[in-house]
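Here the structure comes first, spelled out in structure tokens, and everything after it is commentary.
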Amino acid sequence: MAKFFYICVLLVLGSVKGYSQISQTGSNFELQGVVKEKESKQGLSGVAVSANNGEYTLTNAKGEFKIKVGMGQELVFESPKMETVRHRVTSNDYLEMVVGTTNQDNIGSSRSSKGERSTSLYHSYIDSANFYKKKDIRKSIDFITQSLSQLGIGNNKEQLAVAYSTLGEVYQYHKQYDLAISSYKDAFNANKTLRTSLLLGKTYVLNKEYGEAEKLLSPFVKMTNMVPFQRVELYETLGDAYVGLGDVDNAVAFYGEGLKIADKNQIAPKTIDLNSKIATAYAKGNRLQEANAYFNNSLELSSGQAPQRAVQEKEKVADFYNQKSQYGQEIQLRKKSLEDLKKIPKNEVAGGLSIENDSISAQRINYKIANAYIAQDKYDEAIPYLEESIKDADVDDDLLVRKDATRKLSEVYKYKGDYTKALETYQEYVAVVDTLYVRKEQEIARAAQFNRELASKQSRISGLEKERELTQSKYSLALTEQQLVAESIKRQNWIIYSLIFGMMLMGLVVYFFYRSNKQQKLANNLLALKSLRSQMNPHFIFNALNSVNNFIAKSDERSANRYLSDFSTLMRAVLENSDEDFIPLSKELELLELYTKLEHSRFSDKFDYEIIVDEGIEIDAFQIPPMLLQPYIENAIWHGLRYREDKGFLKIELRQKDKRALEISIIDNGIGRKKSAALKTQNQKKQKSKGMGNIKKRIEILNDMYKDKVDVYISDLETNGTGTKVLFTIKRD
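Numbered by the UniProt record's numbering, the letters in the sequence shown go through residues 1 to 733 in order.
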């Protein structure tokens with residue numbers, strides 16, 4: 001719904017204008033001043049102050065302003081209330097501009113006091129929105145909403161542009177890239193400024209729409225009146241776009257041009273960034289010698305910067321060494337990163353120190369050092385770093401790193417032959433996974449609540465804008481009636497055109513409402529699928545661990561170790577596929593074969609099995625929901641074959657039904673569904689009902705999303721009720 005209301009606002013408003021340009025570093029300084037009216041000596045609010053370096057600001061309620069400029073640059077002061085004034089900057093002293101105001105007509109004079117109060121409140125709300133932009137997205141959007149409520153009738157597209165540009169920056173910081181793109185497009189369509197274009201281009205790159213970024217920014221390469229910092233950012237963003245498109249040569253060319261300008265104008269932060277990005281581009285093109293040279297440059301340059309920047313660059317280069325299998329250099333560099341982290345306040349590390357969406361923390365660095373040692377088979381050296389990683393992750397409540405480090409530590413103990421510690425550590429890993437599942441479900445619930453709140457706030461913004469439009473319409477109609485009394489025919493035509501426009505707008509609103517509902521339904525289905533999958537995985541894990549416990553109880557250590565090894569392979573594959581709606585059929589077959597093998601090793605006296613795959617099947621052409629067949633095989637073994645007095649048989653067969661459909665049958669000659677149900681306790685019946693209901697819900701959701709792609713039919717194998725046959729039909733796209 002948030003998308004729907006936002007699009008409606010865009011349709012009604014049209015387009016609005018951006019309000020500032022990216023400031024240039026280097027010799028620029030912050031100039032403070034005030035604009036006063038000549039007669040009253042009072043400060044003038046809402047005066048646009050712009051510099052020829054692209055910087056732009058508005059005076060506040062007291063007429064005060066701050067702007068970044070350089071010596072010799074020209075400031076332009078513009079407002080409907082005054083004549084345009086130009087001033088050449090010759091010092092950094094406080095600047096006091098005294099200007100003469102223009103005469104207002106009667107209508108304007110009657111509204112001037114109210115308009116100035118509204119303008120003052122509008123700027124206060126925009127300032128507050130910027131203050132909370134990174135701290136609290138809800139408060140920031142609320143202040144933007146209040147700023148819009150202060151806009152009355154008249155030509156205030158510039159102020160609307162400021163509000164929506166601020167809204168775009170809020171969404172961009174909080175990674176709501178689709179909404180940010182919509183905001184920047186709004187400003188871009190109204191006034192195609194370079195700043196708006198750069199913001200939009202960067203957001204396209206963040207949203208992985210690399211082709212759109214390249215298409216938007218390429219024409220600006222030919223611009224001549226561009227300040228150095230803006231040109232550096234233009235070349236950098238184009239380089240990012242070409243990296244995303246896989247065009248390494250073009251990416252390096254644009255990064256190189258940006259680096260020349262950054263070096264020439266002493267823009268130190270960009271010099272480091274561009275050296276690093278050139279190295280990354282060369283590494284992606286497998287040109288490792290050039291990549292190594294540029295990474296050395298970025299490391300040397302970053303050493304003179306703040307510890308935060310130095311750590312970021314060290315970790316980026318360490319990742320490069322890891323890709324080249326230069327583990328010794330990687331370990332040495334990451335150890336230096338750990339030393340640098342100690343110099344950074346804890347709240348700054350936790351506040352978002354990262355590279356390319358990968359957060360930097362002590363636990364992650366320790367985990368990566370351990371992996372480098374493991375890659376060299378140095379298990380004793382790896383263990384202390386894994387333990388330190390788990391300890392730090394526990395302190396910071398970083399479940400993801402704690403999960404990975406615990407699993408890796410279990411594997412190291414296994415490699416060393418210490419199976420007792422391996423099992424203990426693996427049990428800790430399972431406990432962390434269970435906690436992580438609960439945490440993920442809570443995050444999903446919070447995300448849903450957050451989306452609902454955003455939708456409500458967008459609805460409020462839309463309502464305010466419609467009210468403003470209605471007020472504007474009434475005011476325009478009153479003026480028309482006064483001025484065009486004798487032109488009734490023209491007025492009637494105007495009304496007719498307004499009605500036609502309203503009908504067209506209503507049609508568009510209905511269309512976008514329908515499309516928004518479809519998108520919301522898809523999002524709800526995805527959340528439901530994720531929740532159902534997260535319920536299945538713990539159930540599967542606990543059943544498998546019971547099998548391990550059975551071997552241990554029998555003192556069959558060799559079988560337990562072999563079973564645990566196969567189970568870890570199966571579990572790793574299950575977790576890797578747990579976030580996917582569909583996986584290749586070949587992967588699912590591998591999982592089924594491994595699972596059936598594990599169950600047969602436990603109940604070898606109860607059943608034999610056979611998996612038959614028709615040679616004519618195009619295995620790679622079919623996709624199947626993960627963990628869909630396994631519960632039915634589990635039921636066949638545990639509730640059918642296990643209770644036979646003699647040895648039973650399980651048959652899994654795949655055959656091609658037609659060119660677009662595949663049939664999968666699971667057949668067992670067990671005791672049958674009716675007799676199995678009679679043997680179960682009330683608790684077992686309840687668990688089965690829940691498990692089968694979970695599968696049924698998954699199939700219903702998937703068929704709703706993918707047009708009846710999966711069908712399942714269960715029947716008795718024999719007329720006397722013994723045996724069970726489960727028949728799946730899978731359709732390909």
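Idealized CB from N, CA, C, for every residue including glycine. Since the model is a prediction, treat every value here as computed from it, not as a measurement.
Inset, instruction - Taking all protein chains shown into account, decide if G721 is buried (16 or more other Cβ within 10 angstroms of its Cβ) or exposed. - result: exposed
Inset, instruction - State the Cα-Cα distance for the pair S359 and I365, rounded to the nearest angstrom. - result: 10 Å
Inset, instruction - Determine the extent of the beta strand (DSSP E) in which V69 is found, giving its start and end residues. - result: E64 to V69
Legend entry - Rounded separation between L160 and A129 - CA only: 14 Å
Inset, instruction - Indicate the three-state DSSP secondary structure (helix, strand or coil) for residue 748 in the structure shown. - result: With the chain represented from 1 up to 733, any question about residue 748 goes unanswered, as that position is not in the structure.
Legend entry - Sufficient close CB pairs (3 or more, under 8 Å) joining the segment 559–572 to the segment 610–623: no
Legend entry - CA-to-CA distance, E169 to Q442, given in whole angstroms: 27 Å
Inset, instruction - Evaluate contact between the segment 278–288 and the segment 305–312, counting only Cβ atoms and requiring at least three cross-stretch pairs below 8 Å. - result: no
Legend entry - Close-in-space but distant-in-sequence residues of the same chain around D403 (CB under 7 Å, 5 per side omitted): Asp is not the amino acid found at residue 403; the sequence shown has Lys there. Hits under 7 Å: Y429, V432, V433 and L436.
Inset, instruction - Inspect the CB distances between the segment 649–664 and the segment 695–704 and report whether three or more fall short of 8 Å. - result: no
Legend entry - Cβ-Cβ distance between Y204 and L216 below 8 Å: yes
Inset, instruction - For E580, write down the residues that DSSP places opposite it in a beta bridge. - result: In the DSSP output, where bridge partners are listed per residue, E580 has none listed.
Inset, instruction - Give me the Cα-Cα distance between Y327 and L399, rounded to the nearest whole angstrom. - result: 26 Å
Legend entry - Unbroken beta strand (DSSP E) run spanning T729, endpoints: T724 to K731
Legend entry - Length of the line joining the Cα atoms of N225 and T196: 16 Å
Inset, instruction - Below 6 Å CB to CB, which residues in the same chain sit around L179 once its five sequence neighbours on both sides are set aside? - result: Y171
Inset, instruction - Let me know the alpha helix (DSSP H) ranges lying completely inside the segment 621–660, each 4 residues or longer, listed in chain order. - result: 630–639
Inset, instruction - For my contact list, I583 and Q623 are in at a C-beta cut-off of 8 Å; report their separation, rounded to the angstrom. - result: 7 Å
Legend entry - Three-state secondary structure assigned by DSSP to E83: strand
Inset, instruction - Measure the CB-CB distance between T57 and L44 and report whether it falls below 8 Å. - result: no
Legend entry - Buried or exposed by the 16-neighbour rule on C-beta atoms within 10 Å, applied to R452: exposed
Inset, instruction - For S183, collect the residues of the same chain with a Cβ closer than 6 Å to its Cβ; drop the 5 residues on either side in sequence, then sort them by chain order. - result: Y164, L167 and G168
Legend entry - Unbroken beta strand (DSSP E) run spanning F607, endpoints: F607 to V613
Inset, instruction - Flag this pair as yes or no: are the beta carbons of S716 and T729 separated by less than 8 Å? - result: Going by the sequence as given, residue 716 is Asp instead of Ser. No.
Inset, instruction - Using the Cα positions of L641 and S565, report the straight-line distance between them to the nearest angstrom. - result: 25 Å
Inset, instruction - Write down every uninterrupted run of the alpha helix (DSSP H) in the segment 361–404 whose length is 4 residues or greater and which is fully enclosed by it, in chain order. - result: 362–375 and 379–396
Legend entry - Pair within 8 Å by beta-carbon distance, G239 and K185: no
Legend entry - Test item: CB-CB of F303 and A279 under 8 Å: Correcting the residue identity first, residue 303 is Ser in this sequence and not Phe. Cβ distance not < 8 Å, so S303 and A279 don't count as in contact.
Inset, instruction - Leaving out five residues on either side along the sequence, give the residues of the same chain with a beta carbon under 6 Å from the beta carbon of P228. - result: I261 and N265
Legend entry - Residue range of the beta strand (DSSP E) that includes G33: F29 to E37
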